[in-house]
Amino acid sequence: MKKLFVFLLTILIAASVYTYLTSASQRTDVPVISWKSDPNPQRYEQIDMYHKFLQKNGVVKPDGSPRGQLVLDTASNQSTLIQAVSGMAGDIFDCYAVRDYAAMGVGVDITEQANRNGYGLDTT
1204 MKKLFVFLLT ILIAASVYTY LTSASQRTDV PVISWKSDPN PQRYEQIDMY HKFLQKNGVV
1264 KPDGSPRGQL VLDTASNQST LIQAVSGMAG DIFDCYAVRD YAAMGVGVDI TEQANRNGYG
1324 LDTT
């Protein structure tokens, strides 16, 4: 039984290391922001606008490409909740069930920081 436990523990540790090393943020030389949202075609336009915003404001690598990447994840709300509970939720999410996230302690109110840095609700 002890050997089985050690074997399974080794497999789980190896799988965890593999998952960590192959995640999107580990394969790129720029930060990757995961955006959980609906599959609306406008989201891709908004992502393109974000990348252009970075370039316009000089947040670029030496080759001129943006020093950041925004990736859209169109997972269902249910899977997003499950991922949030497990600690694997996206960096940004927009959905109609924000109260569910707040109740789980996942959502963080950034209103104060946004207003302090000039991108609050009154300016966006």
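Each position in the sequence shown, counted from 1, maps to that position plus 1203 in the working numbering.
Built from N, CA and C at the ideal position, the CB exists for glycine as well.
Which of helix, strand or coil does DSSP assign to residue 1276?
Numbered from 1 along the sequence shown, position 73 holds the residue referred to as residue 1276. Three-state result, residue 1276: strand.
Beta bridge counterpart(s) of residue 1236 as assigned by DSSP
Position 33 of the sequence shown holds residue 1236. The partner list for residue 1236 (beta bridge, DSSP) reads 1273.
DSSP on residue 1313, reduced to helix/strand/coil?
In the sequence shown, counting from the first residue as 1, residue 1313 sits at position 110. Correct three-state label for residue 1313: coil.
Go ahead and label residue 1272 buried or exposed: buried means 16 or more other beta carbons lie within 10 angstroms of its beta carbon, across all protein chains shown.
By one-based count along the sequence shown, residue 1272 stands at place 69. Label assigned to residue 1272: buried.
Can you grab the Cα-Cα spacing for the pair residue 1307 / residue 1295, in whole Å?
Within the sequence shown, the letter at position 104 stands for residue 1307. Within the sequence shown, the letter at position 92 stands for residue 1295. Near 16 Å, if we compare the C-alpha coordinates of residue 1295 and residue 1307.
Rounded to whole angstroms, what's the CA-CA distance from residue 1257 to residue 1215? Just pull it up for me.
The residue you call residue 1257 lines up with position 54 of the sequence shown. The residue you call residue 1215 lines up with position 12 of the sequence shown. C-alpha separation (whole angstroms): 39 Å.
Pull up the distance between the alpha-carbon of residue 1312 and that of residue 1292, whole angstroms please.
Translated into the one-based positions of the sequence shown, residue 1312 becomes position 109. Translated into the one-based positions of the sequence shown, residue 1292 becomes position 89. Taking the straight line from one Cα to the other gives about 16 Å.
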